[in-house]
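Sequential numbering from -19 applies to the sequence shown in my numbering. Backbone N, C-alpha and C fix where the C-beta goes; we use that ideal spot for every residue, glycine too. As the structure is a computational prediction, the values presented were derived from the model and not from experiment. To start, the structure itself, in structure tokens.
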Amino acid sequence: MATKNLSQFVGEVPSAAEMKFGIVVSEWNQEVTGALLDGAIGTLIAYGCDETNIIVKRVPGSFELPLGAQFFAEYTDVDAVIALGCVIRGGTPHFEYVCQGVTQGITQLMISWNMPIAFGVLTTDNHQQALDRAGGKHGNKGDEAAVTAIKMVALQIDLESQADPNNLEDRRPEDRRKVN
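In structure tokens, the structure reads:
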């Protein structure tokens, strides 16, 4: 059981005023994913992101989150994507396959697209644990994912600004292309 409050952050959170975010959210477990989405949007706005710079798209389930995030990378000019979903353990191995697929898919996508993708996917044993982490007693994983996205975009902007432009290809979000 988690002891950390997902809505309390370590370190300073940069301003998101000049940032643009895509949020891909699973329709499955809507009670939970809707709360995660509310948390993520509220957190982005609280740190200065204009509501017009937040694009939300839905996918059927958590397994589809990596492809939904890839669509954001391919077809939009967002600085980062926030993937929100919820997988609740059942009585079959389905839980492990979905969790592993989503985790590996999002990791691969971040590396291949050189784009921050925040992992806001709950993997819980039961529905109550999910509710506890979607605005309940353990905070909101959507808040945490939004702050992660903000911090990673700020890190990327900082490092790109210090890089020698003669040794880097153009990797601004509007010119983003696959690295591999």
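Quiz item: Name the DSSP beta bridge partners of residue 39, please?
Solution: Reading the sequence shown from its first residue, position 59 is the one you call residue 39. 6, per the DSSP bridge assignment.
Practice problem: Give me the Cα-Cα distance between residue 78 and residue 84, rounded to the nearest whole angstrom. | Solution: As a first step, residue 78 must be located in the sequence shown, where it is residue number 98. As a first step, residue 84 must be located in the sequence shown, where it is residue number 104. Distance between the alpha carbons of residue 78 and residue 84 is about 10 angstroms.
Practice problem: State the Cα-Cα distance for the pair residue 30 and residue 20, rounded to the nearest angstrom. | Solution: The count along the sequence shown starts at 1 and reaches residue 30 at position 50. The count along the sequence shown starts at 1 and reaches residue 20 at position 40. Spanning the two alpha carbons is a distance of roughly 13 angstroms.
Quiz item: What is the rounded straight-line gap between the Cα of residue 125 and the Cα of residue -1?
Solution: Counted from its first residue, the sequence shown places residue 125 at position 145. Counted from its first residue, the sequence shown places residue -1 at position 19. Answer to the nearest angstrom: the Cα atoms are 15 angstroms apart.
Quiz prompt | Strand pairing of residue 34, partner residues [DSSP] | solution = Walking along the sequence shown from the start, residue 34 turns up at place 54. In DSSP, residue 34 forms a bridge with 1.
Quiz prompt | CA-to-CA distance, residue 62 to residue 109, given in whole angstroms | solution = Reading the sequence shown from its first residue, position 129 is the one you call residue 109. Reading the sequence shown from its first residue, position 82 is the one you call residue 62. Taking the straight line from one Cα to the other gives about 21 angstroms.
Quiz item: Quick one: Cα of residue 37 to Cα of residue 103, how far?
Solution: In the sequence shown, counting from the first residue as 1, residue 37 sits at position 57. In the sequence shown, counting from the first residue as 1, residue 103 sits at position 123. Rounded to whole angstroms, residue 37 to residue 103 spans 21 angstroms at the Cα level.
Quiz item: Taking only beta-carbon atoms, is residue 4 less than 8 angstroms away from chain D?
Solution: The structure shown contains no chain D; it is built from a single protein chain.
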